[in-house]
Amino acid sequence: MTVPKEYNVIGGLPGVGPDVLLVVLSEFRLISNAVQFLGVCKKTHKLMKHSRFMKIVEQLNYPISIINNDPDCVEFLDIDDVQKKIQKNKYGFCTISLDKVLNNGIWSLEAMFQNSYRDTYIGIVRDSYVIPANTFFLSKPHTDHIAAFGSGYVYYKGQGTEGNDRFKGN
Numbered sequence: 007m008t009v010p011k012e013y014n015v016i017g018g019l020p021g022v023g024p025d026v027l028l029v030v031l032s033e034f035r036l037i038s039n040a041v042q043f044l045g046v047c048k049k050t051h052k053l054m055k056h057s058r059f060m061k062i063v064e065q066l067n068y069p070i071s072i073i074n075n076d077p078d079c080v081e082f083l084d085i086d087d088v089q090k091k092i093q094k095n096k097y098g099f100c101t102i103s104l105d106k107v108l109n110n111g112i113w114s115l116e117a118m119f120q121n122s123y124r125d126t127y128i129g130i131v132r133d134s135y136v137i138p139a140n141t142f143f144l145s146k147p148h149t150d151h152i153a154a155f156g157s158g159y160v161y162y163k164g165q166g167t168e169g170n171d172r173f174k175g176n
């Protein structure tokens, strides 16, 4: 079976229905990009009157701060308005958390690991819990507040369930 390399929409962007345009709009992460998209033509401008528009706008430009309880452990570098590079500076457990409370909807996080030696985990933590410096998430009392994925396991309350793929170095 051949896979088409290009998809042509009759009439270009205005030929796409409002549902598809709202999906495209929901993929933007910066308000400036969404504003440009809405100003492309009358059809995209009409999306502002759609019932789903406000829900999408609420998710745009969500401010997320990075909490680093051990500044000697990692260094943060800005790549652009959305991406950050986190560089580990010392050997040992380094836990970095985000201050965003994920209340509603589906959220995604993209991470790229280099030279991590398979000791990399991504997880979620109870909003009321502050992760101390030099924390290993599988040690008590942290296991009561953190769920994590890494090394082919999903960990929750100190129990690991195997069956997922491992992170691979880039």
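Here the numbering used here is used: the first residue of the sequence shown is 7, the next is one more, and so on. Glycine included, every Cβ here is placed at the ideal spot set by N, Cα and C.
Exercise. Just the C-alpha distance for D171 and I102, rounded to the nearest angstrom, thanks.
Key: 22 Å
Quiz item: Under the three-state reduction of DSSP, which class applies to E64: helix, strand or coil?
Solution: helix
Quiz item: Any idea what DSSP makes of V22, helix, strand or coil?
Solution: coil
Practice problem: Find the nearest neighbour of Y161 within the set V41, I130 and I137, judged by alpha-carbon distance. | Solution: I130
Practice problem: Can you check DSSP and say which residues form a bridge with I73? | Solution: S103
Quiz item: What are the boundary residues of the alpha helix (DSSP H) that includes L108?
Solution: Taken as a continuous stretch (DSSP letters only), L108 belongs to no alpha helix (DSSP H), as it is neither H nor E.
Quiz item: With distances taken from CA atoms, which of F143, S57 and F43 is nearest N51?
Solution: One detail in the question is off: residue 51 reads as His in this sequence, not Asn. Among F143, S57 and F43, the Cα nearest to that of H51 belongs to F43.
Self-check item: Per-residue DSSP class, three states only, for K91
Solution: strand
Exercise. Reducing DSSP to helix, strand and coil, say where V41 ends up.
Key: helix
Exercise. To the nearest angstrom, report how far apart Y159 and K55 are at their CA atoms.
Key: 45 Å
Exercise. Would you kindly report the start and end of the unbroken beta strand (DSSP E) that includes T141?
Key: Counting along the chain, T141 falls outside any beta strand (DSSP E), and DSSP gives it neither H nor E.
Quiz item: Distance, Cα to Cα, N121 vs A154?
Solution: 20 Å
Quiz item: Pairing CB atoms from the region 138 to 150 with CB atoms from the region 82 to 91, are three or more of them under 8 Å?
Solution: no
Practice problem: Would you list the one or two residues that DSSP bridges to G166? | Solution: Y161
Exercise. Please classify C47: is it buried, with 16 or more other beta-carbons within 10 angstroms of its beta-carbon, or exposed?
Key: exposed
Practice problem: Answer with buried or exposed for G156, where buried requires no fewer than 16 other C-beta atoms within 10 angstroms of its C-beta. | Solution: buried
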